[in-house]
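One structure is given here, and the rest of the page talks about it.
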Amino acid sequence: GLKIYIENLKPESVSPYGQVVEDVAQADIAILRLNAPYEKRKGLAEGWFHAGELDFKEPEKGRILNILKQVPSVVDIYLERPAVIPEIAEQSAALLANFGASDEAVLDVIFGKFDPQGKLPFELPSSMEAVRNQKEDLPHDSENPLFPLGHGLCY
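Using the working numbering, the letters of the sequence shown map in sequence onto residues 1134 to 1288.
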């Protein structure tokens, strides 16, 4: 059967689709559920709001990319805010954006029970430099976005 390495999914949700393995080297595929990056802030009120840089920093970025190099990987990223993920998008076998979907809903899409649908409500910038160079008060104006406002696939 299919051997699946998972991160941030409930094993009991994945087990109907294959055998969950703890070592990526033993896997046929990987499914990673990520959250858009943010910087942790101090303070009660500030701690509730995710802010700061939009890209993954080392060592987390290297850890993710290492998994993507080892085995075909589906990356599902929760986009409560835009993320700068060009290397992840390039190296993943499939990239899904979600805005609060359950493990079961994401797995139903990955394994073909339901067709994905949706469009991005904001652009995903291609770099932190593009983020810094865009105007804060103008929507979707970053240079050469990785995915533009409204990007989406359905099949």
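Don't be surprised by glycine CBs; every beta carbon is placed ideally from N, CA and C.
Between which residues of its own chain and residue i is the CB-CB distance below 7 Å, once the five residues before and five after are set aside?
{"i": "ASP1241", "result": "PHE1247"}
{"i": "ALA1160", "result": "LYS1136, ILE1137, TYR1138, VAL1154 and VAL1204"}
{"i": "ALA1226", "result": "PRO1205, SER1206 and VAL1207"}
{"i": "ALA1216", "result": "ALA1169, PRO1170, LEU1187, ILE1210 and LEU1257"}
Go ahead and pull the three-state DSSP assignment for residue i.
{"i": "ILE1218", "result": "coil"}
{"i": "ASN1266", "result": "helix"}
If we count the other Cβ atoms within 10 Å of its Cβ and call it buried at 16 or more, is residue i buried or exposed?
{"i": "ALA1163", "result": "buried"}
{"i": "PRO1144", "result": "exposed"}
{"i": "SER1275", "result": "buried"}
What are the boundary residues of the alpha helix (DSSP H) that residue i is part of?
{"i": "GLU1140", "result": "Looking at the DSSP string, GLU1140 is not in any alpha helix (DSSP H); the run it does join, the beta strand (DSSP E), is 1136 to 1140."}
{"i": "GLN1203", "result": "1193 to 1203"}
In the DSSP assignment, find the unbroken beta strand (DSSP E) run with residue i in it and report its ends.
{"i": "ASP1209", "result": "1206 to 1211"}
Any 3 or more C-beta pairs closer than 8 Å across the stretch 1204 to 1216 and the stretch 1158 to 1176: yes
Segment contact flag, the stretch 1229 to 1248 with the stretch 1197 to 1206, C-beta cutoff 8 Å, min 3 pairs: no
Inter-stretch contact (C-beta, 8 Å, three-pair minimum) for the stretch 1221 to 1237 and the stretch 1258 to 1267: no
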